[in-house]
Amino acid sequence: MTLLDSPSYVVSPDTSRAPLRTARTRSYAMCAPEHFAVEYAINPWMHPGIAVDRDRALEQWATLVQTYRTLGHRVDVAPALPGQPDMVFAANGATTVGDRTYGAMFRHEERRAEAGAWAEWLTERGHDVTRPVQTNEGEGDFLVLGSMVLAGTGFRTSIAAHVEAQQVLDRPVVSLELVDPRFYHLDTALAVLDDGNGEAPADVAYVRRAFSRHSLRTLRQLFPDALEVDEADALALGLNAVSDGRHVVLPVQARGLAEQLDTRGYVPVPLDVSELLKAGGSVKCCTMELHA
Ligand code: ARG
């Protein structure tokens, strides 16, 4: 038994709790915050001039890596490009599904150089990377499920990129419109708790106010039993979580969400990534999953 499977989860007298879920081993690509800083503002969370403790960011990031490895997942680390303070947010670097990888093309000039670095690194590791024509920020806006890809638009990724992603990744893509600038990437507004690749059906959590009325209707239709999350937890970037189907790594501040997850049969694994939050990113932003 590990710390993460504490006895309270194993012998629970609480019968209202759902049966525990099953984890599947994952492969993640990450990038250390070696050059992390808040030097420009491309989302409402960023305030240039605010003190950033890079050593603390590095420690918090290293704990995240260690947590994934302890859970049995594979983590490969890409080199950090000097002059790219946001490259720690690996999710934005590409979208990989099986043997297909759809490269990123960043909305803002400040991050453009990251796309090529990720494409090269992934190519060196044997991934077949298709360079995009359309603006898209990788897994920040493309959330991969077994049967479809949920795609965000409104702030960063263009709707045209949804069509391009569908061609490159060869999976149905469902477009969702983001309307609140604080939830500027889909992965800040919606978390995939179970991708539906195993025994259990797909399961997601989201915050209502991030989505347009029409997109909310789409979400309700696709996921009638989805977990709806409070604004306070969403504003702690609680939905920027990474699930292996059982353990859900999420920012420690999202306490209400951790409780909801527990009741739903997941094991919340809360971590402090407060330093990275200063750039508007949290757990999932730091994690590119190489989807099998
Ligand atoms: N400062 C970064 C940006 O605005 C944060 C990216 C967060 N990444 C994510 N996948 N949500 O682009």
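Numbering-wise (my numbering), the sequence shown opens with residue 38 and increments by one. Quick reminder that beta carbons are idealized off the backbone N, C-alpha and C, glycines included.
Check: As assigned by DSSP and simplified to three states, the class of Leu313; Outcome: helix
Check: Endpoints, the alpha helix (DSSP H) within which Val200 is located; Outcome: 196–206
Check: Beta-carbon proximity list for Ala197, same chain, < 7 Å, skipping 5 on both sides; Outcome: Gln171
Check: Contact the stretch 138–154 vs the stretch 232–244: 3+ CB pairs below 8 Å; Outcome: no
Check: Pairwise C-alpha distance: Arg254 and Thr132; Outcome: 26 Å
Check: Segment contact flag, the stretch 152–160 with the stretch 202–221, C-beta cutoff 8 Å, min 3 pairs; Outcome: no
Check: Run of the beta strand (DSSP E) containing Gly189, from where it starts to where it stops; Outcome: 186–190
Check: Complete alpha helix (DSSP H) runs within the stretch 232–284 (minimum length 4 residues, chain order); Outcome: 250–259, 268–272
Check: Secondary structure, beta strand (DSSP E): runs of 3+ residues fully inside the stretch 74–115; Outcome: 111–115
Check: Check whether Leu314 and Leu274 have beta carbons under 8 Å apart; Outcome: yes
Check: Beta-carbon proximity of Val289 to Val320, cut-off 8 Å; Outcome: no
Check: Leu159 in three-state terms, based on DSSP; Outcome: helix
Check: Beta carbon of Ala202 nearer than 8 Å to that of Ala226; Outcome: no
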